[in-house]
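Enquirer: In the working numbering, the protein residues as written are 1 to 254.
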């Protein structure tokens, strides 16, 4: 009988060993920084920082993180902008692959959602059920930035189908050629509000400054402000629970 092959250390044991990028990041977290702040310092997003721990990424950021940590532990600045300038000296900008006919790799474009300052462009943020319960704070900046440029907002909500009062696709619910209703298998339904009403009917959307006042009245809780509006306008049951919420803001063309 063939003897059983002995296995080495399991995957869990290997996963417990952090790489250098994760170790340095953890030191910064212990020093009071958040993953979002670490991401800002290295010019990336918090998702990548999380992957230092889960997928052992981040080797190219080790030198930058080490210099930042030394600065912090040495009693230097803790300002994110200053630390970002310090880290930038050891971070190579991302580039695209060289295409046929090109001799130099071009700098990679980074998707930026906060571009409401430019007419025709938009900003967007989403929140799920758990984040909505805690106030949906990530949605508020979209309304604030859009209101600052006198822009327009639209939003999509998701709740139990029985929670909506008006029929799906009703013009009283959300006027427009495309009423944006999506029915889900779990019994919930998505409805979009503020979409363009069609050619010649204006830019669509709601006044962001008016909505900023609504959000301020709700003490910064965007989800509460949206639900209040839906209830006040006869669209949603008062005891309804929003499971998802998306806010979009843009500056209309002059």
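Even for Gly, the Cβ is constructed at its ideal location relative to N, Cα and C.
As the structure is a computational prediction, the values presented were derived from the model and not from experiment.
Could you check if residue 60 is buried or exposed, using at least 16 other CB atoms within 10 Å of its CB as the buried criterion?
Expert: Mapped onto the chain shown, residue 60 falls at position 60. Result: exposed.
Enquirer: With the cut-off set at 7 Å, would you say residue 39 and residue 45 are in Cβ contact?
Expert: Taking the first residue of the chain shown as position 1, residue 39 is located at position 39. Taking the first residue of the chain shown as position 1, residue 45 is located at position 45. Yes; because the gap between Cβ atoms is below 7 Å, this pair is in contact.
Enquirer: Across the segment 127-141 and the segment 243-254, are there enough close Cβ pairs to call them in contact, namely three or more that are closer than 8 Å?
Expert: As far as the Cβ criterion goes, the segment 127-141 touches the segment 243-254, which means the pair count is three or higher.
Enquirer: For residue 145 and residue 233, what's the separation of their Cα atoms in angstroms?
Expert: Along the chain shown, read from residue 1 onward, the residue named residue 145 stands at position 145. Along the chain shown, read from residue 1 onward, the residue named residue 233 stands at position 233. Taking the straight line from one Cα to the other gives about 26 Å.
Enquirer: Name, in chain order, the residues that DSSP records as bridge partners for residue 157.
Expert: Residue numbering aside, residue 157 sits at position 157 when the chain shown is read from its first letter. Answer is 191, 245.
Enquirer: For residue 155, I'd like the list of residues in its chain whose CB is within less than 8 Å of its CB, leaving aside the five on either flank, ordered along the chain.
Expert: Walking along the chain shown from the start, residue 155 turns up at place 155. For residue 155, where only same-chain residues beyond five positions count, the Cβ hits under 8 Å are 192, 193, 194, 226, 245, 246, 247, 248.
Enquirer: I need the straight-line Cα distance from residue 12 to residue 64, nearest angstrom please.
Expert: On the chain shown, position 12 is the one that residue 12 refers to. On the chain shown, position 64 is the one that residue 64 refers to. Reliability of the predicted coordinates at residue 12 is poor, the pLDDT of 47 falling under 50, and the value obtained from them is presented with this limitation in mind. Answer to the nearest angstrom: the Cα atoms are 29 Å apart.
Enquirer: Could you tell me which of 21, 163, 187 sits nearest to residue 56, measuring between CA atoms?
Expert: In the chain shown, counting from the first residue as 1, residue 56 sits at position 56. Comparing Cα-Cα distances from residue 56 to each of 21, 163, 187, the minimum goes to 21.
Enquirer: Looking only at DSSP bridge pairs, what is residue 164 linked to?
Expert: To locate residue 164, count along the chain shown from 1; it is residue 164. Answer is 236, bridged to residue 164.
Enquirer: Any idea what DSSP makes of residue 183, helix, strand or coil?
Expert: By one-based count along the chain shown, residue 183 stands at place 183. Reduced to three states, the DSSP call for residue 183 is strand.
Enquirer: Per DSSP, what are the beta-bridge partners of residue 128 in this structure?
Expert: Here residue 128 refers to the residue found at position 128 when the chain shown is read from its first residue. In the DSSP output, where bridge partners are listed per residue, residue 128 has 244.
Enquirer: Can you find the residues in the same chain that come closer than 7 Å, C-beta to C-beta, to residue 114, ignoring five residues on each side of it along the sequence?
Expert: The sequence position of residue 114 within the chain shown is 114, counting from 1. Any reading at residue 114 is ruled out, since the residue's pLDDT is 48, under 50, leaving its predicted position unreliable.
Enquirer: Could you tell me whether the Cβ atoms of residue 142 and residue 125 are closer together than 7 Å?
Expert: Residue mapping note: residue 142 aligns to position 142 of the chain shown, counting from 1. Residue mapping note: residue 125 aligns to position 125 of the chain shown, counting from 1. Yes.
Enquirer: In chain order, what residues of the same chain lie with their CB nearer than 7 Å to the CB of residue 188, ignoring the 5 residues before and after it?
Expert: For the purposes of this step, residue 188 is identified with residue 188 of the chain shown, where counting begins at 1. So the list reads 158, 159, 160, 161, 243, once near-sequence residues are dropped.
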